[in-house]
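Each remark here refers to the structure printed beneath this line.
Numbering (the working numbering), first residue to last: 357 to 512.
Here's what the structure looks like:
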């Protein structure tokens, strides 16, 4: 575990502001950084918990539900749930409902029946384009229930 300096925290918050919906980022004094592996880090502050995967900073699934709810989402049929919860990219045939998003946006993935958050990823297509697709990847799954990041959070 390491602690980010004030300037590193400020840079990280600026990076988040560029991709997160307005009003979702609280004032953060500093982040504690827990390395999960080379490309995945859990970022914990008193105000918010998020995940850094590659160059993306995304919300943590076990974080505040009201924060997750402000991100655009897709709902998947129950047949897709087990695949999403094992880290698979979200395929167009499994999506039953679309929020509004652009390619590159942070998107949450929910199950169709209960609306439970299953994963957070990056849109590979605009929602309008994805609606017209018959097949192909729509969301790159970066963080999902019971992944290494989820398990690492239980340890801290």
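Built from N, CA and C at the ideal position, the CB exists for glycine as well. Fair warning: this is a prediction, and the values are worked out from it, not measured in the lab.
For residue 430: DSSP bridge partner residues: One-based indexing of the chain shown puts residue 430 at position 74. Looking at the DSSP assignment, residue 430 forms a beta bridge with 454 and 465.
Residues that residue 358 bridges to, as DSSP identifies them: The count along the chain shown starts at 1 and reaches residue 358 at position 2. Looking at the DSSP assignment, residue 358 forms a beta bridge with 389.
Residue 376 beta carbon less than 8 Å from that of residue 505: Position 149 of the chain shown, counted from the first residue, corresponds to residue 505. Position 20 of the chain shown, counted from the first residue, corresponds to residue 376. Result no, Cβ atoms of residue 505 and residue 376 do not sit closer than 8 Å.
Residues bridged to residue 473 [DSSP beta-bridge criterion]: As a first step, residue 473 must be located in the chain shown, where it is residue number 117. Its beta-bridge partners are 466.
Inter-residue spacing [alpha-carbon to alpha-carbon] between residue 456 and residue 488: The residue given as residue 456 occupies position 100 in the chain shown. The residue given as residue 488 occupies position 132 in the chain shown. Rounded to the nearest angstrom, the two C-alpha atoms are 14 Å apart.
Anticipated Cβ contact below 8 Å, residue 479 with residue 497, distance rounded: Reading the chain shown from its first residue, position 123 is the one you call residue 479. Reading the chain shown from its first residue, position 141 is the one you call residue 497. Between residue 497 and residue 479 the Cβ distance is about 11 Å, and since that is not below 8 Å, they are no contact.
Whole-Å CB distance - residue 413 paired with residue 357, under 8 Å assumed: Taking the chain shown and counting its residues from 1, one reaches residue 413 at position 57. Taking the chain shown and counting its residues from 1, one reaches residue 357 at position 1. Not really, about 18 Å apart at Cβ, beyond 8 Å.
Nearest to residue 449 (by Cα), restricted to the options 490, 399, 471 and 427: Numbered from its first residue, the chain shown carries residue 449 at position 93. Ranking the options by Cα distance to residue 449, first place goes to 490.
Residue 380 (DSSP reduced to helix, strand or coil): One-based indexing of the chain shown puts residue 380 at position 24. In the structure shown, residue 380 sits in coil (DSSP, three-state: anything other than H, G, I, E or B).
Sufficient close CB pairs (3 or more, under 8 Å) joining the region 423 to 440 to the region 383 to 390: no
Closest residue to residue 453 among 420, 468, 381 and 459 (Cα-Cα distance): Stepping through the chain shown from its first residue, residue 453 is reached at position 97. Of the listed residues, the one whose Cα sits closest to residue 453 is 468.
Nearest residue (CA-CA) to residue 433, options 381, 465 and 385: On the chain shown, position 77 is the one that residue 433 refers to. The option with the nearest alpha carbon to residue 433 is 465.
Cβ-based burial, residue 470 [other Cβ within 10 Å; buried from 16]: Locating residue 470 in the chain shown gives position 114, counting from the first residue. The residue in question, residue 470, is exposed, as its Cβ has fewer than 16 Cβ neighbours within 10 Å.
For residue 445 and residue 384, the rounded distance between their alpha carbons: To locate residue 384, count along the chain shown from 1; it is residue 28. To locate residue 445, count along the chain shown from 1; it is residue 89. Going by the C-alpha atoms only, they are around 31 Å apart.
Burial state of residue 503 (16 or more Cβ within 10 Å): As a working mapping, residue 503 is identified with position 147 in the chain shown. Buried, by the Cβ-count rule.
Nearest to residue 395 (by Cα), restricted to the options 382, 409 and 494: Residue 395 sits at position 39 when you count from the first residue of the chain shown. Among 382, 409 and 494, the Cα nearest to that of residue 395 is on 409.
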